[in-house]
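Going by our numbering, the residue at position 76 of the sequence shown is 77; the numbering climbs one at a time, nothing skipped.
A virtual CB, placed ideally from N, CA and C, is assigned to each residue, including glycine.
Bear in mind the structure is a predicted one, so any value in this text is a computation, not a measurement.
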Amino acid sequence: MIELRRYVKEVSQGEHDVVDIARKALASAKSIDKEHAYFNTFADERFIEEANAKPKGRLAGVAISVKDCVCVKGVESTAGSDILRGYKPLFDATAVERVWKQGGMIIGKTSQDEFGFGGFSVNIGKGYRVPKNPFDTNRSCGGSSGGAAGMTRKAEFPHLAIGESTGGSITCPAAFCGVVGFCPTYGRVSRWGLIDYANSLDKIGSMAKNVRDAALLIEVMAGSDPQDSTCSDLPVEQFSTVDGDIKGLRVGIIKEAFGEGVDPAVAESVKNATRELEAKGAIIKEISLPLNAKYGIPTYYLIAMCEASTNLAKYGGMRYGAHEKLEGDFNTYFTKVRTAHFGDEAKRRLMLGTFARMAGYRDAYYLRALKLRSALIDEYKSAFKGVDVLASPTMPMVAPTFDEISKLTPLQNYMADILTVGPNVAGLPHISVPVSPAHRMPVGIQLVADHFKESTLVRTGVNLE
Ligand code: GLN
């Protein structure tokens, strides 16, 4: 397959028939989708129109798939939920608009857990399809950006994916599907036009077959946006082109991430990758993050569910989302709509999140979680005084089979996120890069850097390719 940057350059010089490439890409994506269910919606018309418009710029002629929770003008955008079925935004999310302005062509909306509620893309909305792992269709793609990761692996045409992570939804599926997943610092990329899961945690990011391509997409999407006051106005460096010199770079191996509960074969692949970094001049140290190991999961899930339960309150059949025949009082009507159109996991989270915010419980749960969040951030901040990057497996296992997943309790489901929730709670940039496989399935190493140090992730990551 042609290298993405070379292809973009050639497109800009008019060396390719982009319309023909787009037609073939669309046909290929549709045929992959039949077996693997990576898309909720294709953007046929818009995609071909964009190809016809002689795309120019840093992503000229590249097919861009967009996670369903990110709004695309004129294309059904539902965050994988039946409650938003039929919703066609009147505007592009800032991230999408910037990609389009650089010649990226929107091919469609990728499948995900409903509103991002999951790590295996099996908690899908009513009537949606579960995406299948590109290496073994009996296994999960990971989630919640499952379709994005699967498509990134399978695409044989120039393609990049826009993903989104609240607590690991970019690096988890990237690790399970053998691609690079890049989640920037919280606030690097505008959330304008993102269908919220949890506002203080949500980040738009990217997936690609290699580190520099994933970084390029972030670079294009990043930067201040008057539409999102939480979006940082720090200048966006050209981190996709930094050199790969890691002499003297201090890499901290997270001690707790290689012990109990982590598949030894996965741990071994990741350890080997850190030895490669050492061979190229990095200084490897062991580092302990006990608070994150102990409190990462409860802190994340409390905050995420509390925020989700307020965000989803707007889908009540009045202003947003599905409607039903107007009958009964407000509570009866509201309950009817939500009973009919939310999936089981969404309902579970609404109940837990609402409970944890209730008068009388708020101090015990939500406010405590907020305090813990500060403590977890402090723990990372002191770690970054001694190291430049932290390394761990991305997930404690390889992609599980659907049968294995069906036997997990909700709590066991949540526990699978033990290694990804930390950087997400702390808003730190992180990346998953494929290392050698285990059990003949892909394994990812997760690298975490200090806030706004995306360039360090690229510098380190390219050494593992
Ligand atoms: N698995 C985590 C959750 O269910 C993270 C998902 C995400 O990042 N959207 O909340």
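Best match in A370, S122, G262 for proximity to F403 [C-alpha to C-alpha]: In the sequence shown, residue 403 corresponds to position 402, counting from 1. Looking at the Cα atoms, S122 is the closest of the given residues.
Straight-line Cα distance separating A162 from E152: As a first step, residue 152 is located in the sequence shown; it is residue number 151 there, counting from the start. As a first step, residue 162 is located in the sequence shown; it is residue number 161 there, counting from the start. Correcting the residue type first, residue 152 is Met in the shown sequence and not Glu. When rounded, the distance between both Cα atoms is 8 Å.
C-alpha distance - A176 paired with Y88, whole-angstrom precision: To locate residue 176, count along the sequence shown from 1; it is residue 175. To locate residue 88, count along the sequence shown from 1; it is residue 87. So the alpha carbons of these two residues sit roughly 31 Å apart.
Beta-carbon separation (whole angstroms), T467 vs D203, contact threshold 8 Å: Coverage of the chain is limited to positions 2 through 466, which leaves residue 467 absent and any answer about it impossible.
Any non-hydrogen atom of the ligand GLN within 7 Å of F43 CB: Mapped onto the sequence shown, residue 43 falls at position 42. For the ligand GLN, not one heavy atom lies less than 7 Å from the Cβ of F43.
Run of the beta strand (DSSP E) containing D246, from where it starts to where it stops: As a working note, residue 246 is residue 245 in the sequence shown. From DSSP, D246 is part of no beta strand (DSSP E); its letter is neither H nor E.
As assigned by DSSP and simplified to three states, the class of L377: As a working note, residue 377 is residue 376 in the sequence shown. Here L377 sits in helix by DSSP.
Opening and closing residue of the alpha helix (DSSP H) in which I219 lies: Taking the first residue of the sequence shown as 1, we reach residue 219 at position 218. I219 -> alpha helix (DSSP H) spans 212-222.
Inter-residue spacing [alpha-carbon to alpha-carbon] between K57 and A44: Translated into the one-based positions of the sequence shown, residue 57 becomes position 56. Translated into the one-based positions of the sequence shown, residue 44 becomes position 43. A straight line joining the alpha-carbon of K57 with that of A44 spans about 20 Å.
Status (buried if at least 16 other CB within 10 Å, exposed otherwise) for N139: By one-based count along the sequence shown, residue 139 stands at place 138. With fewer than 16 other Cβ atoms within 10 Å, it is exposed.
Which residues DSSP lists as bridging A175, in chain order: The residue given as residue 175 occupies position 174 in the sequence shown. Residue pairing by DSSP leaves A175 without any beta bridge partner.
Euclidean distance between Cα positions of R7 and A266: Residue 7 sits at position 6 when you count from the first residue of the sequence shown. Residue 266 sits at position 265 when you count from the first residue of the sequence shown. Their Cα atoms are separated by approximately 37 Å.
One or two residues paired with G253 in a DSSP bridge: Within the sequence shown, the letter at position 252 stands for residue 253. In the DSSP assignment, G253 forms a beta bridge with K286, L391.
Spatially closest choice to D451 from P443, T186, L368, L465, by CA coordinates: The count along the sequence shown starts at 1 and reaches residue 451 at position 450. Checked all of P443, T186, L368, L465; the closest Cα to D451 is T186.
Simplified DSSP state of L409, which is helix, strand or coil: Sequence index remark: in the sequence shown, residue 409 carries index 408 (1-based). Correct three-state label for L409: coil.
Closest Cα partner of E238 within the set Q228, V252, A223, I247: Here residue 238 is taken as the residue at index 237 of the sequence shown, counted from 1. For E238, the closest alpha carbon among the candidates Q228, V252, A223, I247 is that of A223.
Cβ pair S66, D114 closer than 8 Å: In the sequence shown, counting from the first residue as 1, residue 66 sits at position 65. In the sequence shown, counting from the first residue as 1, residue 114 sits at position 113. D114 sits away from S66, with the two beta carbons spaced by 8 Å or more.
For M106, the three-state DSSP class (helix, strand or coil): Residue mapping note: residue 106 aligns to position 105 of the sequence shown, counting from 1. Strand, per DSSP.
Given 8 Å, three or more beta-carbon pairs between the stretch 268-277 and the stretch 299-306: Contact fails between the stretch 268-277 and the stretch 299-306, because fewer than three Cβ pairs, one in each stretch, are under 8 Å apart.
Residues surrounding the ligand GLN [beta-carbon distance to nearest heavy atom under 6 Å]: Matched residues: G117, F118, G119, G120, S145, S166, T167, G168, G169, S170, Y198, A305, D418.
Unbroken beta strand (DSSP E) run spanning G164, endpoints: On the sequence shown, residue 164 is found 163 positions in, with the first residue counted as 1. DSSP places G164 in the uninterrupted beta strand (DSSP E) bounded by 160-166.
Residue closest to L195, alpha-carbon to alpha-carbon, out of E277, T79, D137: Working through the sequence shown from its first residue, we reach residue 195 at position 194. Of the listed residues, the one whose Cα sits closest to L195 is T79.
Any C-beta of chain D under 8 Å from that of A94: In the structure shown, chain D cannot be found, because there is only a single protein chain.
Same chain, Cβ closer than 6 Å to L9, neighbours up to 5 away in sequence not counted: In the sequence shown, residue 9 corresponds to position 8, counting from 1. This sequence places Val at residue 9; Leu is not what is there. Excluding residues within five positions, the ones whose Cβ falls inside 6 Å are A61.
Check whether G253 and A392 have beta carbons under 8 Å apart: Position 252 of the sequence shown, counted from the first residue, corresponds to residue 253. Position 391 of the sequence shown, counted from the first residue, corresponds to residue 392. Yes, they are a contact pair.
Helix, strand or coil at S13 according to DSSP, with G and I counted as helix: Position 12 of the sequence shown holds residue 13. Of the three classes helix, strand and coil, the one that applies to S13 here is helix, per DSSP.
Per DSSP, cross-strand counterpart(s) of N134: Residue numbering aside, residue 134 sits at position 133 when the sequence shown is read from its first letter. In DSSP, N134 forms a bridge with D137.
Environment of L458 [buried if 16+ CB atoms lie within 10 Å]: As a working note, residue 458 is residue 457 in the sequence shown. Buried, by the Cβ-count rule.
Cβ-Cβ distance between H342 and D69 below 8 Å: Within the sequence shown, residue 342 is the residue found at index 341, counting from 1. Within the sequence shown, residue 69 is the residue found at index 68, counting from 1. No, they are not a contact pair.
Straight-line Cα distance separating K74 from Y296: Residue mapping note: residue 296 aligns to position 295 of the sequence shown, counting from 1. Residue mapping note: residue 74 aligns to position 73 of the sequence shown, counting from 1. Cα to Cα, Y296 sits roughly 40 Å from K74.
Three-state secondary structure assigned by DSSP to T402: For the purposes of this step, residue 402 is taken as the residue at position 401 of the sequence shown. Look at T402 here: in three-state DSSP terms it is strand.
Whole-angstrom C-beta distance between V388 and V444, which should lie under 8 Å: The sequence position of residue 444 within the sequence shown is 443, counting from 1. The sequence position of residue 388 within the sequence shown is 387, counting from 1. About 22 Å separates the two Cβ atoms, so there is no contact after all.
Span separating the alpha-carbon of Q413 from that of V181: Within the sequence shown, residue 413 is the residue found at index 412, counting from 1. Within the sequence shown, residue 181 is the residue found at index 180, counting from 1. The straight-line gap from Cα to Cα measures roughly 25 Å.
Own chain, CB closer than 6 Å to S13, minus 5 neighbours either side, in chain order: Translated into positions along the sequence shown, residue 13 becomes position 12. For S13, same chain residues with a beta-carbon under 6 Å away, outside a window of 5 residues either side, are K57, A61 in chain order.
Extent of the continuous alpha helix (DSSP H) to which K348 belongs: Mapped onto the sequence shown, residue 348 falls at position 347. 345-358 is the extent of the alpha helix (DSSP H) around K348.
The stretch 19-33 touching the stretch 224-233, judged by at least three CB pairs closer than 8 Å: The stretch 19-33 is not in contact with the stretch 224-233.
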